[in-house]
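Per this note's numbering, the very first residue in the sequence shown carries number 102; after that it's consecutive.
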Amino acid sequence: MTRLVVFDVDSTLLALESLDFAVELALEDAGDGDERARELADITARGMAGELDFRRSLEARIALARLTREQVNAASKALRGQATPGIEDLLEKLRARGRDVYAVSGGFSDLVEPALMDLGFSPGEIRANRFVYEDDVVTGFDTANPLSRNGGKAHVVSTLKTLTGREVAIMVGDGITDYEAFANGAADAFIGFGGVVVREAVKSRAPVFADTVTELSRQLLG
């Protein structure tokens, strides 16, 4: 049976958190850069562990970031080449076996799309949030996008199953929002991924957990 495989992006396909990376890059010369970067990383970790409502986490991170369009463009270029080691080979093998492979992110397409296209994803195979700009400064995000709220990945996975006609969907990711896609019944299987960071809230719930890309490959290809 040909399956749909849906990958999270930050700390799964990419070996970092893209928004945190963009802010750290933008704050290199700022006087309060280190403090803001630490605060941002804390908010991200709490959101991924399910300790903070995802939309509130997103709002807090955007307010803290204060990114300009120029900084977003610079970060999107710097994110190219930041793929998790071994993931490109896994994606190639999945596609060779006829799997439908999609990238679904609670992050922002403005940042990650070029890096994902380097991994073989077409724009139509990428689902992510989008920044809202005012005078070339990021002031928010598209709140109509289901990925901007808790349960959004479940909604997107259900939509992708209908779009592709696949009866079985596997969700792969490191965060609690990835697990929710399985817990809510949209994904038929879930593989927690800890090859970049291990989130105990996910590891303790995941029916299958892969600590490395090698183990992830065994689960998906074996």
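In this text, a Cβ means the ideal position worked out from N, Cα and C, and glycines have one as well.
Grab the span of the alpha helix (DSSP H) containing residue i for me, first residue to last.
i      : result
VAL233 : Per DSSP, VAL233 belongs to no alpha helix (DSSP H); it is in the beta strand (DSSP E), 232–235.
ALA302 : 301–304
SER177 : 170–179
LEU88  : Lying before the first or after the last residue shown, residue 88 is absent from the chain, which here runs from 102 to 323.
VAL124 : 119–127
ALA150 : It is not in any alpha helix (DSSP H) - ALA150 carries neither H nor E in the DSSP assignment.
Roughly how many angstroms lie between the CA atoms of residue i and residue j, to the nearest whole one?
i      : j      : result
ALA116 : GLY199 : 25 Å
PHE122 : SER210 : 14 Å
GLY221 : PHE108 : 13 Å
VAL205 : PHE283 : 14 Å
VAL299 : LEU191 : 20 Å
PRO247 : GLY241 : 15 Å
LEU159 : ASP279 : 16 Å
ALA255 : ALA290 : 12 Å
THR145 : TYR234 : 22 Å
LEU128 : GLU301 : 29 Å
VAL110 : ILE188 : 11 Å
THR265 : GLU136 : 44 Å
ARG104 : ASP312 : 22 Å
LEU180 : MET218 : 12 Å
TYR203 : VAL106 : 6 Å
ASP236 : LEU153 : 30 Å
PHE310 : GLU281 : 15 Å
LYS178 : VAL303 : 30 Å
ASP139 : VAL297 : A quick correction: the sequence has Arg, not Asp, at residue 139. Between ARG139 and VAL297, the C-alpha separation is close to 18 Å.
How many whole angstroms separate the CB atoms of residue i and residue j, which I take to be in contact at a CB cut-off of 8 Å?
i      : j      : result
ARG228 : ASP243 : Between ASP243 and ARG228 the Cβ distance is about 12 Å, and since that is not below 8 Å, they are no contact.
ALA270 : VAL258 : 5 Å
Determine the closest residue to residue i out of the options, with distance taken between C-alpha atoms.
i      : options                           : result
GLU214 : ASP236, LYS194 and GLY182         : GLY182
GLU125 : SER158, ALA302, VAL173 and ASP279 : VAL173
THR185 : PHE294, ALA270, THR260 and ARG306 : PHE294
VAL239 : ARG267, ALA287 and LEU212         : LEU212
THR113 : ASP237, ASP236 and ALA216         : ALA216
SER305 : GLY148, LYS178 and ILE277         : ILE277
MET149 : LYS178, VAL106, ASN251 and LEU105 : ASN251
VAL314 : ARG157, VAL273 and LEU120         : VAL273
ARG162 : VAL202, ALA197, ARG196 and GLU118 : GLU118
GLN320 : GLY296, GLY208 and ILE292         : ILE292
LEU165 : ALA175, GLY151, ALA142 and ARG196 : ALA142
GLY207 : SER318, LEU120 and PHE310         : LEU120
LYS262 : ALA288, LEU195, GLU193 and ALA245 : ALA288
PHE155 : SER177, ARG267, PHE310 and SER249 : SER249
ASN285 : GLU268, GLY253 and ALA175         : GLY253
Count the other CB atoms within 10 Å of the CB of residue i; is the residue buried (16 or more) or exposed (fewer)?
i      : result
SER223 : exposed
ASP275 : buried
GLY323 : exposed
GLY225 : exposed
ALA307 : buried
GLU193 : exposed
ALA245 : exposed
VAL176 : A quick correction: the sequence has Ala, not Val, at residue 176. Buried, because 16 or more other Cβ atoms sit within 10 Å of the Cβ of ALA176.
Would you give the residue range spanned by the beta strand (DSSP E) that residue i belongs to?
i      : result
VAL324 : There is simply no residue 324 to check, as the chain begins at 102 and stops at 323 in what is shown.
VAL258 : That residue, VAL258, is in no beta strand (DSSP E); its alpha helix (DSSP H) goes 253–265.
LEU105 : 105–108
ASP201 : 201–209
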